[in-house]
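What follows is a short report on a single structure.
Residue numbers (the numbering used here): -10 to 237.
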């Protein structure tokens, strides 16, 4: 028996932009957006969700260079990634933005930047030694976390939801944090569905951390909201991809 989805359980801290809005903003600030293949732009028209992250960065002698990875989940279950290069190496102007489909093109563009010659991170081959920026640690809130875990598991409708052993562990949770992990649920005109992925991180009394991954979507026969819960991010994203593929 399904349990009604508890919409009042939590709310995102802010309303992030949709996949379409994020793409429009990215292309609007990129100096070379006109060089992107039309086929790539057409594929992104059916994006259901998006995710952006800082991939690498270097600051030296007043100059800076950062690369960002922007990924969109499409209605057919595939994903498209664009690479953004941000730098202030052009004299007399502020930060400049460039966008690339191919990571090798990103590397080549980075190698051409007039960075100081003693900048080891950008010796050829470009970007080889750049390390990814580590993800921030969870910031937990002690706010009836065991009950939050109970309500999350109760509304899960997927048959492979976390088992009783996980539920017993989370019954002792001392604190938790909720973050939206893969963009805002994007409304895709062709698919007519929305998706959102949330990470529910729990802190146990012995210091261990356990995360559950919630997929909220409307890829149901009657268009109602459905909640699925998984123990890994990969399992949750694969579930999103399967659901999206069925909407083709």
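Backbone N, C-alpha and C fix where the C-beta goes; we use that ideal spot for every residue, glycine too.
- For residue 38, the enclosing beta strand (DSSP E) has its first and last residue at 36 to 49.
- Under the rule that a run must span 3 or more residues, the beta strand (DSSP E) segments found entirely inside the stretch 145 to 219 read 164 to 169, 184 to 192, 198 to 206 and 215 to 219.
- Under the DSSP assignment, residue 16 falls in the alpha helix (DSSP H) whose first and last residues are 8 to 18.
- Secondary structure of residue 231 (DSSP, three-state): helix.
- In this structure, 87 is the residue among 31, 134 and 87 with its C-alpha nearest to the C-alpha of residue 57.
- Per DSSP, the unbroken beta strand (DSSP E) holding residue 58 starts and ends at 52 to 63.
- Closest in C-alpha terms to residue 164, from the list 231, 135 and 37, comes 135.
- By the 16-neighbour rule on beta-carbons within 10 angstroms, residue 183 is buried.
- Note that the C-beta distance between residue 230 and residue 62 is below 9 Å.
- Nearest to residue 218 by C-alpha distance, out of 77, 155, 85 and 100, is 155.
- Linking residue 140 to residue 168 through their CA atoms gives a straight-line distance of about 17 Å.
- Within the DSSP secondary-structure output, residue 70 pairs in a beta bridge with 60.
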